[in-house]
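Protein chains in written order, with the numbering used here: chain A, 47 to 289; chain B, 46 to 226.
For each residue, glycine too, the CB sits at the ideal point set by N, CA and C.
Model, not experiment: these values are computed from the prediction.
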Amino acid sequence: MKSQHMLKYYISTILILLMIFSVKAQNNPDSDQDKSQDSTKFKQKYGLRLGVDVGKIVRTFIDDDYTGLEINADYRYSKNVYIAGELGTEEKTTSTEFLNSTSKGSYFKVGIDYNMYKNWLDMENMIYVGFRVGASTFSQTVNSYTIFNTNHEFPEATITESIDFNGLTAIWSELILGIKAEVFTNLFVGLNIQLKGRITETEPDNFENVYIPGFGRTYDSGSFGVGFGYSISYLIPLYKKEK
Amino acid sequence: MKKISTLLLLLLLTTASCEKDDICPESTPTTPKLILRFYDISNQDDTKNVTSIGVTSLDENGETFVLAGFNGVTTDSISLPLRIQTTAENFTRFTFYKDFALDDNGTPNDPSDDIFSGNPDVITFAYKREDIYVSRACGFKTIFSELIVTVESDGENWIINPLILNRTIENEISAHVKILH
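Dropping the structure here:
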């Protein structure tokens, strides 16, 4: 568990550094371009950007308790506004000393991204805030549990008959903060953090939603959740428009 | 730019570090114990101490052991753990000794040759088990229902009559069984 956290740190740190550098590098236009700025009108690409969440793919390989895939897309609506969405599937086994359960299901999220970053010249990097509404349909299985008992004079009882909870749903909203940088022509890498709040959910009888695909793990303290995304996406340019 | 990337990094660190809050708090009511109160047979509204009570049971290997805290205390109220079995049949059998004394045969660390003295009564609690979800950290607890109490008759029982006050054991708030002696 610890090594996974470490790996998470490393991946995120590397990605952040990469993006800072790539954005910075493009922030220093050479003097030729500077001079030409007055006379040239820079056109920006508009189109559909398609991508995958690399973080989820990497985690699928390194974490035995996790399988996940997410594709994401955005469409540039205006200079700063993008219509964005994600579609994904996740399976996660959560285990504590007393309880082992698996959540499995798929989800989608739709919303907008707003680019707050003023690009130089014809560059199209983003530092953005986003808003999403997410919905998930999923199932949960209690694989096994050990009855919690503060008295240990008699042996512990572990129940291994699995209990299924099917047809569960959850709807939540999300606030996103992220960056996207064009590392090669039309190829973007991105990183984002999501802060989520559940709006509604089906509560299983005599159990709770421990992990909701798309939302992530839940917390006892409230209906909030967090998530990360590391994306690689490709822009299919449809037309160009002046800045 | 710099400010925002610092903010991003900070957010990442804080959210990644608060993932494991999964400890079951001790104050959470989990699997309850069975609470017994001893009453006077001649004045059934009054509690009456049992002098030097000892409680033994059998462990999973069939070895007799003395339950912690019950090796000769004088009290009118005791709480006992119940065995949780995954089989359909759920029961716990105790031996309640009145005027309990333990002779460890000079080997305090070896309970296998201990000799118990006093007046033993074998009492059996049979029940149904139901598992109730508590929280992600605590998992499930068990509550017990349809309690049945039987006392083996041995010719010199000190337990005259066990009365069930509450057939369902779901908390430790009040006594579940009243024992007249």
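Which residue or residues does DSSP assign as beta-bridge partners of residue i?
i: A/Val-127; result: A/Tyr-160
i: A/Tyr-285; result: A/Tyr-92
i: A/Ala-181; result: A/Phe-154 and A/Ile-217
i: B/Arg-82; result: B/Ser-122 and B/Lys-223
i: A/Pro-250; result: For A/Pro-250, which the question treats as bridged, DSSP gives no partner whatsoever.
i: B/Asn-164; result: B/Lys-143
i: A/Phe-270; result: A/Gly-243
i: A/Gly-262; result: A/Ile-258
i: A/Leu-115; result: A/Thr-135
i: B/Thr-109; result: B/Leu-103
i: A/Asp-99; result: A/Ser-277
i: A/Met-172; result: A/Lys-226
i: B/Ala-171; result: B/Phe-136 and B/Ile-193
i: B/Val-95; result: B/Thr-120
i: B/Pro-207; result: B/Ile-224
i: A/Asn-146; result: A/Ser-141 and A/Ser-190
i: B/Asp-148; result: B/Ile-160
Buried or exposed: where does residue i fall if 16 or more other Cβ atoms within 10 Å of its Cβ makes it buried?
i: A/Lys-287; result: exposed
i: B/Phe-136; result: exposed
i: B/Glu-105; result: exposed
i: B/Ile-168; result: buried
i: A/Gly-151; result: buried
i: A/Tyr-206; result: Here residue 206 of chain A turns out to be Thr, not Tyr, going by the sequence shown. The residue is exposed, with fewer than 16 neighbouring Cβ atoms inside 10 Å.
i: A/Met-172; result: buried
i: B/His-221; result: buried
i: B/Asn-20; result: Outside the displayed span of chain B (46 to 226) sits residue 20 of chain B, for which this structure offers no information.
i: B/Ser-180; result: buried
i: A/Pro-250; result: buried
i: B/Gln-148; result: The amino acid at residue 148 of chain B is misidentified as Gln; the sequence shows Asp. So B/Asp-148 counts as exposed.
i: B/Thr-76; result: buried
i: B/Gln-89; result: exposed
i: A/Ala-227; result: buried
i: B/Asp-204; result: With the sequence shown as reference, residue 204 of chain B is identified as Ile, and Asp is not the correct amino acid for it. B/Ile-204 comes out buried.
i: A/Met-47; result: Note on A/Met-47: pLDDT 43, under 50, position unreliable in the model; no value is reported.
i: A/Ala-195; result: Here residue 195 of chain A turns out to be Asn, not Ala, going by the sequence shown. Per the 10 Å Cβ criterion, buried.
i: A/Lys-164; result: exposed
i: A/Asp-80; result: Confidence in A/Asp-80 is poor, its pLDDT being 47 and thus under 50, which makes the residue's placement unreliable; the coordinate value appears in the next sentence. Exposed, by the Cβ-count rule.
i: A/Glu-137; result: buried
i: B/Asn-216; result: exposed
i: A/Ser-279; result: buried
i: B/Thr-187; result: buried
i: B/Asn-154; result: exposed
i: B/Ile-218; result: exposed
i: A/Asn-212; result: exposed
i: A/Thr-140; result: buried
i: B/Pro-70; result: exposed
i: A/Ser-149; result: buried
i: B/Pro-165; result: buried
i: B/Ile-224; result: buried
i: A/Glu-132; result: buried
i: B/Ile-129; result: buried
i: B/Ile-123; result: buried
i: A/Leu-214; result: buried
i: B/Leu-79; result: buried
i: B/Leu-210; result: exposed
i: A/Tyr-123; result: exposed
i: B/Gly-107; result: exposed
i: A/Leu-96; result: exposed
Taking residue i and residue j to be in contact with their CB atoms under 8 Å, please state how far apart those CB atoms are, rounded to whole angstroms.
i: B/Phe-141; j: B/Ser-97; result: That pair is no contact at about 11 Å.
i: B/Thr-120; j: B/Asn-94; result: 6 Å
i: B/Phe-161; j: B/Ser-102; result: 12 Å between Cβ atoms; not a contact.
i: B/Leu-192; j: B/Ile-214; result: 7 Å
i: A/Ser-269; j: A/Asn-118; result: Not confirmed; about 24 Å, so no contact.
i: B/Leu-125; j: B/Leu-81; result: 7 Å
i: A/Ile-129; j: A/Ile-158; result: 6 Å
i: A/Ser-182; j: A/Asp-210; result: Going by Cβ atoms, the distance from A/Ser-182 to A/Asp-210 rounds to 17 Å, so no, they are not a contact pair.
i: A/Gly-260; j: A/Lys-102; result: Not a contact, Cβ separation roughly 11 Å.
i: A/Glu-116; j: A/Val-127; result: No, A/Glu-116 and A/Val-127 are not in contact; Cβ-Cβ is about 22 Å, not under 8 Å.
i: A/Gly-275; j: A/Asn-238; result: 5 Å
i: B/Asn-202; j: B/Val-196; result: 6 Å
i: B/Tyr-172; j: B/Leu-127; result: 7 Å
- Message: Give the list of continuous beta strand (DSSP E) stretches no shorter than 3 residues that lie fully inside the segment 118 to 145 of chain B.
- Response: For the segment 118 to 145 of chain B, whole beta strand (DSSP E) runs of length 3 or above, ordered along the chain, are 122 to 125.
- Query: For the segment 263 to 274 of chain A against the segment 239 to 248 of chain A, are there 3 or more C-beta pairs whose distance is under 8 Å?
  - Reply: Yes: at least three Cβ pairs fall under 8 Å.
- Does the count of Cβ pairs from the segment 171 to 179 of chain A and the segment 222 to 230 of chain A closer than 8 Å reach three? Contact between the segment 171 to 179 of chain A and the segment 222 to 230 of chain A is present, because at least three Cβ pairs lie under 8 Å.
- Inter-stretch contact (C-beta, 8 Å, three-pair minimum) for the segment 86 to 106 of chain A and the segment 151 to 171 of chain A: When C-beta atoms of the segment 86 to 106 of chain A are compared with those of the segment 151 to 171 of chain A, three or more pairs fall below 8 Å, so the two segments count as touching.
- Cβ contact check for the segment 248 to 257 of chain A and the segment 143 to 157 of chain A: 3 or more pairs under 8 Å: Taking a cut-off of 8 Å on C-beta distances, the segment 248 to 257 of chain A touches the segment 143 to 157 of chain A, as three or more cross pairs fall below it.
- Task: Would you check if the segment 229 to 236 of chain A and the segment 195 to 204 of chain A touch, i.e. whether three or more CB-CB distances between them fall below 8 Å?
- Result: Counting Cβ pairs under 8 Å, fewer than three are found: no touch.
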